[in-house]
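Numbering-wise (my numbering), the sequence shown opens with residue 97 and increments by one.
Every residue gets a Cβ at the ideal spot worked out from N, C-alpha and C, and that includes glycine.
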Amino acid sequence: MTIASRHDPWSWLKSPTTALLAVLIFFIIDGATAQVLAHGVAEGDKGYIQETSGIVFWPFVYLGAKHMVTGYDHLLFLFGVIFFLYRLKDISIYVTMFAIGHSTTLLLGVLTNISVSSYLVDAIIGLSVVYKALDNLGAFQRWFGFQPNTKVATLVFGLFHGFGLATKLQDFQLSPDGLFVNLVAFNIGVEIGQLLALGAILIVMGFWRRSESFFKYAYLANVVLMTLGFILTGYQLVGYFVA
97 MTIASRHDPW
107 SWLKSPTTAL
117 LAVLIFFIID
127 GATAQVLAHG
137 VAEGDKGYIQ
147 ETSGIVFWPF
157 VYLGAKHMVT
167 GYDHLLFLFG
177 VIFFLYRLKD
187 ISIYVTMFAI
197 GHSTTLLLGV
207 LTNISVSSYL
217 VDAIIGLSVV
227 YKALDNLGAF
237 QRWFGFQPNT
247 KVATLVFGLF
257 HGFGLATKLQ
267 DFQLSPDGLF
277 VNLVAFNIGV
287 EIGQLLALGA
297 ILIVMGFWRR
307 SESFFKYAYL
317 ANVVLMTLGF
327 ILTGYQLVGY
337 FVA
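Below, the structure is given as C-alpha cells:
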C-alpha cells in the first residue's frame, strides 16, 4: 500500500510547511551530527575493537547492538519499509530479507577485505532511504507505471547497509585471532539491536495508525524521510570529493 492510494502524492510540494521543514533539517544536521547518522563508531569502541585479541563474544554482541540502536540510517530505512505493513507476517518477511543482506556483506566484507570507499557505500545507503520514501509516496507507479519488487529491493539495500559497516570495521586493525567468532557475535548484536529498535518503532506506529492523523500526515512523514535520505547522501558525496 502507498499514500497514492488515498491522495495525490505530490500535493505536499505546495505546502510551505514542507519547504520550511526541509530547510530546518538541513541546518540542524551539521557535519558532526551527520557523522553519527552514518556508520560512525564511538572513539571508545574503536579503541576497544583495535586492542582486542582472541574471542570476546559478549562484548562484541553489545557493540553490535549499540551500533544498530544508534544507526539512524538503518532505522530510517526500516521505518520506511514497515510504514504500510500491518501484519506481523509481512513485517517478519521484510525484516528477515534486510537481515540476510546485512549479515552477508558484513561478514564477507571484513573477512575478504573488499576495499571500497565508505563514502560511496554510505551515499547508496542514503539513497535507500530516499527510495523507500518515494516508494511509499507511489512515485514509481506515477513516473514509470510499474512497482519495483519491494522484497528484492529490501534485500539488495540490506547488502549495502551491511557493507557500509564492513567498510568502517576494515579501517581498524582487527586482530585475526578470534576474528570470525567476534564478527558473528557483532552481527548477532546488530540483529538484537534491530529487533529492539523495530519493536519501539512498531509500538509508536501502532498508536499512530489508530488515530485520524496517520493518513493526514503520512505525506509529511515520508517527505521528511526522503529529505533525510538526501541529506545523508549529499553529505557522503561531499566527503568523497573533498577527502
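What's the C-alpha gap between W154 and F242? Residue mapping note: residue 154 aligns to position 58 of the sequence shown, counting from 1. Residue mapping note: residue 242 aligns to position 146 of the sequence shown, counting from 1. Whole-angstrom Cα-Cα distance: 46 Å.
Distance between G176 and M301 (C-alpha atoms, nearest Å): As a working note, residue 301 is residue 205 in the sequence shown. As a working note, residue 176 is residue 80 in the sequence shown. Computed Cα separation, rounded: 11 Å.
F173 lies in the alpha helix (DSSP H); which residues open and close that run? As a working note, residue 173 is residue 77 in the sequence shown. Where F173 is concerned, the enclosing alpha helix (DSSP H) stretches over Y168 to V177.
Chain-order list of residues whose beta-carbon lies under 6 Å from that of Q290 (same chain, five-residue window excluded): Here the question's residue 290 lines up with position 194 in the sequence shown. Around Q290: M164.
Is the separation between the beta-carbon of Q332 and that of D231 shorter than 7 Å? Against the sequence shown, residue 332 aligns to sequence position 236. Against the sequence shown, residue 231 aligns to sequence position 135. A distance of 7 Å or more separates the beta carbons of Q332 and D231.
What are the boundary residues of the alpha helix (DSSP H) that includes D218? The residue you call residue 218 lines up with position 122 of the sequence shown. It spans S214 to N232 - the alpha helix (DSSP H) in which D218 sits, taken as one unbroken run.
Please work out which residues of its chain come closer than 7 Å, Cβ to Cβ, to M322, disregarding the five sequence neighbours upstream and downstream, and give them in chain order. Your numbering for residue 322 matches position 226 in the sequence shown. Result list for M322: V226, A229 and L230, in chain order.
In terms of alpha-carbon separation, which member of F194, V157, I299 and V212 lies closest to V248? Along the sequence shown, read from residue 1 onward, the residue named residue 248 stands at position 152. Here the closest residue by C-alpha is F194.
Tell me whether the region 314-330 and the region 198-212 touch, counting them as touching only if at least three CB pairs, one residue from each stretch, are closer than 8 Å. The region 314-330, when compared against the region 198-212, does not touch it at the 8 Å Cβ threshold.
Here's the rule I'm using: 16 or more other beta-carbon atoms within 10 Å means buried, otherwise exposed. How should V338 be labelled? Looking up residue 338 in the sequence shown gives position 242. Around the C-beta of V338, fewer than 16 other C-beta atoms lie within 10 Å, and the residue is accordingly described as exposed.
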